[in-house]
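**Q** What follows is a single structure, and I will ask about it in a moment.
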Amino acid sequence: MTSGVGRGGLTSAAFRARFPALARLHWLDTPGAPPGERSVLAAVRAELDAVERGESDWEQLDRAPDLARTAFAELLGVAAVDVAVVGSLAEAAATVARHRPPGVALLAADEFQSLLFPFLAERSPERAVTLAVARPGQSRAEALLAAMTPDVRLVAVSETTTLDGERMPIGALRERADEIGAELFVNATQSLGVLDPAIATHRPDYLAVHGYKWLLAPRGAAWLYAAPHAGSRLRSIAPGWKTPAEPGALTGGRPATDGPLGRCDTGRAWLPWVGAEAALRVIAALDPPTVEAHCLGLAEAFEAGAVEQGAVPLRRGPGSHIRVVRVPDPSRVAAALEARRVRARITVDRLRIGVHYFTDESDVEAALDALRD
Numbered sequence: 319m320t321s322g323v324g325r326g327g328l329t330s331a332a333f334r335a336r337f338p339a340l341a342r343l344h345w346l347d348t349p350g351a352p353p354g355e356r357s358v359l360a361a362v363r364a365e366l367d368a369v370e371r372g373e374s375d376w377e378q379l380d381r382a383p384d385l386a387r388t389a390f391a392e393l394l395g396v397a398a399v400d401v402a403v404v405g406s407l408a409e410a411a412a413t414v415a416r417h418r419p420p421g422v423a424l425l426a427a428d429e430f431q432s433l434l435f436p437f438l439a440e441r442s443p444e445r446a447v448t449l450a451v452a453r454p455g456q457s458r459a460e461a462l463l464a465a466m467t468p469d470v471r472l473v474a475v476s477e478t479t480t481l482d483g484e485r486m487p488i489g490a491l492r493e494r495a496d497e498i499g500a501e502l503f504v505n506a507t508q509s510l511g512v513l514d515p516a517i518a519t520h521r522p523d524y525l526a527v528h529g530y531k532w533l534l535a536p537r538g539a540a541w542l543y544a545a546p547h548a549g550s551r552l553r554s555i556a557p558g559w560k561t562p563a564e565p566g567a568l569t570g571g572r573p574a575t576d577g578p579l580g581r582c583d584t585g586r587a588w589l590p591w592v593g594a595e596a597a598l599r600v601i602a603a604l605d606p607p608t609v610e611a612h613c614l615g616l617a618e619a620f621e622a623g624a625v626e627q628g629a630v631p632l633r634r635g636p637g638s639h640i641r642v643v644r645v646p647d648p649s650r651v652a653a654a655l656e657a658r659r660v661r662a663r664i665t666v667d668r669l670r671i672g673v674h675y676f677t678d679e680s681d682v683e684a685a686l687d688a689l690r691d
């Protein structure tokens, strides 16, 4: 395992210029979906044009997931043989939940459903699930750490979620997991692409990402990394013609049960992987520490300004590039955001914003102006 993540020098302004929609919109809704990046759009559009002309090559299309697997492995600094390509976070989580060691799996009670539900669906007397509930005033991280008792064999956690934007202390969770002999599953869907994953330091046993958020890929391209000692027990939850024990035949045979983690691949929707491979080339051109510092700085500036306008942050622990605040007049704020061409999320009385490397001060100021109205 290497240090991982590309060390490019693309500036924030140059990165921003790659998104056509940002010429007219202030985009703070990447926790939902990002704006289209030019090279990703071009890759998918070129393939659709080839289909229209009758010039599409399905065998070439079928290589796109493997190219994206290699690019993802290079981004993390891990071996491509330890990466499966899947269609969603839920598929990755279900793969681990079904084949994890006997014992208790621990998750936060308010964990994102695509991570939580697979573990609940696969629980049994041999594989119980415990849900950590934060007490009033307690952060999600504090609740998880307190619940990591010696009977826990796996803890699954999102590095951050859109619920409140709390950034989980993956290093502290890794340390406690080592103390009790538990595995660590990290969902980096809402963090990879902005927060430096520090794979070599945090040593997750499993890491899953759906790439249609901060990695800028189309929806339908997701990855599961498993450390070799953990991946050896995994099997496909939906084996098919891409995962046979003896490649080369389309009929008969049996599914693979060992070898590269590609044996856990699920069905490949070609177009998302065409876009994903292009997206990862763009992400690899960024410098992770620079990106993280930029995004956290702007997120802090937004939250500080929002508090001055009477908004109340929801998180208890440290903040991430995602911030969620309670606002006193959500209907007014929603109208003001729309008037200023700000893309952000209002849910009931909560305003959620997310900062990517393409975000600049004008985006944050436009959102704060909406709160000042």
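If you use the numbering used here, the sequence shown corresponds to residues 319 to 691, in order.
Glycine is no exception: its CB is placed at the ideal position from the N, C-alpha and C atoms.
#1: Please state whether the Cβ-Cβ distance between Val475 and Leu462 is less than 8 Å.
#2: Which residue's Cα is closest to the Cα of Arg387: Thr569, Asp400, Arg572 and Ala548?
#3: Check each candidate in Ala516, Ala382, Ala495 and Pro607 and name the one with the smallest Cα separation from Met466.
#4: Give the list of continuous beta strand (DSSP E) stretches no shorter than 3 residues that lie fully inside the region 395-436.
#5: Is there a C-beta anywhere in chain D that falls below 8 Å from the one on Gln627?
#6: Considering only DSSP beta bridges, list what Gly637 is partnered with.
#7: Have a look at Val403, Ala411 and Gly570 and flag the residue whose alpha-carbon is nearest the alpha-carbon of Ala391.
#8: Are there three or more Cβ pairs, one per stretch, closer than 8 Å when the region 324-344 is compared with the region 591-609?
#9: Measuring CB to CB, does Leu434 end up less than 8 Å from Leu424?
#10: Taking only the alpha-carbon atoms, compute the straight-line gap between Val504 and Thr478 and give it to the nearest angstrom.
#11: How is the alpha helix (DSSP H) around Ala461 delimited, first residue to last?
#12: In the DSSP assignment, the beta strand (DSSP E) including Leu298 goes from what residue to what residue?
#13: Measure the beta-carbon distance from Val645 to Val651 and round it to whole angstroms, keeping in mind my assumption that it falls under 8 Å.
#14: Which same chain residues end up closer than 8 Å to Arg668 when comparing Cβ atoms and leaving out the 5 residues on each side of it in sequence?
#15: For Arg537, which residues in the same chain have their Cβ closer than 6 Å to its Cβ, ignoring the five residues on either side in sequence?
#16: Whose CA, out of Ser550, Ile517, Ala556 and Pro590, lies closest to the CA of Leu533?
#17: Can you tell me whether DSSP reads His674 as helix, strand or coil?
#18: Would you mind working out which of Ala361, Phe437 and Phe676 sits nearest His612, comparing C-alpha positions?
#19: Using the rule of at least 16 other Cβ atoms within 10 Å of the residue's Cβ for burial, across every protein chain shown, is Asp583 buried or exposed?
#20: At which residues does the beta strand (DSSP E) containing Thr665 begin and terminate?
#21: Can the beta-carbon of Ala389 be found closer than 8 Å to that of Arg599?
#22: Please classify Phe503: does DSSP put it in a helix, a strand, or coil?
#23: State buried or exposed for Gln508, treating a residue as buried only when at least 16 other CB atoms are found within 10 Å of its CB.
#24: Under the rule that 16 or more other beta-carbon atoms within 10 Å means buried, what is Val592, buried or exposed?
#25: Could you check how far apart the C-beta atoms of Leu346 and Gly672 are, in whole angstroms? I think they sit under 8 Å.
#26: Can you check whether the CB of His674 is closer than 8 Å to the CB of Val512?
#27: Check whether the region 330-338 and the region 353-372 touch, using three or more Cβ-Cβ pairs below 8 Å as the test.
**A** Reading from the atomic positions:
#1: The sequence position of residue 475 within the sequence shown is 157, counting from 1. The sequence position of residue 462 within the sequence shown is 144, counting from 1. Closer than 8 Å, so yes.
#2: Counting from one through the sequence shown, the residue named residue 387 turns up at place 69. Nearest of Thr569, Asp400, Arg572 and Ala548 to Arg387, Cα basis: Asp400.
#3: Numbered from its first residue, the sequence shown carries residue 466 at position 148. Ranking the options by Cα distance to Met466, first place goes to Ala495.
#4: Assignment of beta strand (DSSP E) within the region 395-436, counting only whole runs of 3 or more residues, yields 401-404 and 422-426 in chain order.
#5: Among the chains in the structure shown there is no chain D, since it carries only a single protein chain.
#6: The residue given as residue 637 occupies position 319 in the sequence shown. Paired residue(s): Glu484.
#7: The residue labelled residue 391 in the question sits at position 73 within the sequence shown. Looking at the Cα atoms, Val403 is the closest of the given residues.
#8: Contact between the region 324-344 and the region 591-609 is established, with three or more Cβ pairs separated by less than 8 Å.
#9: Locating residue 434 in the sequence shown gives position 116, where the first residue counts as 1. Locating residue 424 in the sequence shown gives position 106, where the first residue counts as 1. Taking 8 Å as the Cβ cut-off, Leu434 and Leu424 do not qualify as a contacting pair.
#10: The residue given as residue 504 occupies position 186 in the sequence shown. The residue given as residue 478 occupies position 160 in the sequence shown. Put simply, the backbone Cα of Val504 is about 10 Å away from that of Thr478.
#11: Within the sequence shown, the letter at position 143 stands for residue 461. Residues Arg458 to Ala465.
#12: Since the first residue of the chain shown is 319 and the last is 691, residue 298 is not available in this structure.
#13: By 1-based counting over the sequence shown, the position of residue 645 is 327. By 1-based counting over the sequence shown, the position of residue 651 is 333. Val645 to Val651, Cβ: 5 Å. Contact.
#14: Reading the sequence shown from its first residue, position 350 is the one you call residue 668. Short of 8 Å from the beta carbon of Arg668, and not among the five residues preceding or following it, lie these beta carbons of its own chain, in chain order: Leu632, Val642, Val643, Arg644, Val645 and Pro648.
#15: For the purposes of this step, residue 537 is taken as the residue at position 219 of the sequence shown. Around Arg537, the same chain offers Tyr530 as residues with beta carbons nearer than 6 Å, after the five sequence neighbours per side are excluded.
#16: As a working note, residue 533 is residue 215 in the sequence shown. Ranking Ser550, Ile517, Ala556 and Pro590 by Cα distance to Leu533 puts Pro590 first.
#17: To locate residue 674, count along the sequence shown from 1; it is residue 356. Of the three classes helix, strand and coil, the one that applies to His674 here is coil, per DSSP.
#18: Taking the sequence shown and counting its residues from 1, the one referred to as residue 612 is at position 294. Comparing Cα-Cα distances from His612 to each of Ala361, Phe437 and Phe676, the minimum goes to Phe676.
#19: Translated into the one-based positions of the sequence shown, residue 583 becomes position 265. Buried, because 16 or more other Cβ atoms sit within 10 Å of the Cβ of Asp583.
#20: The sequence position of residue 665 within the sequence shown is 347, counting from 1. Start and end: Arg663 to Thr665.
#21: The residue labelled residue 389 in the question sits at position 71 within the sequence shown. The residue labelled residue 599 in the question sits at position 281 within the sequence shown. Result yes, Cβ atoms of Ala389 and Arg599 sit closer than 8 Å.
#22: Here residue 503 refers to the residue found at position 185 when the sequence shown is read from its first residue. In the structure shown, Phe503 sits in a strand (DSSP, three-state: E or B).
#23: The residue you call residue 508 lines up with position 190 of the sequence shown. If you draw a 10 Å sphere on the C-beta of Gln508, you find 16 or more other C-beta atoms in it, and that means buried.
#24: On the sequence shown, position 274 is the one that residue 592 refers to. Around the beta-carbon of Val592, 16 or more other beta-carbon atoms lie within 10 Å, marking it buried.
#25: Residue numbering aside, residue 346 sits at position 28 when the sequence shown is read from its first letter. Residue numbering aside, residue 672 sits at position 354 when the sequence shown is read from its first letter. Indeed they touch by this definition, with Cβ atoms about 6 Å apart.
#26: Residue 512 sits at position 194 when you count from the first residue of the sequence shown. Residue 674 sits at position 356 when you count from the first residue of the sequence shown. One thing to note: Val512 has its Cβ within 8 Å of the Cβ of His674.
#27: Yes, the region 330-338 touches the region 353-372.
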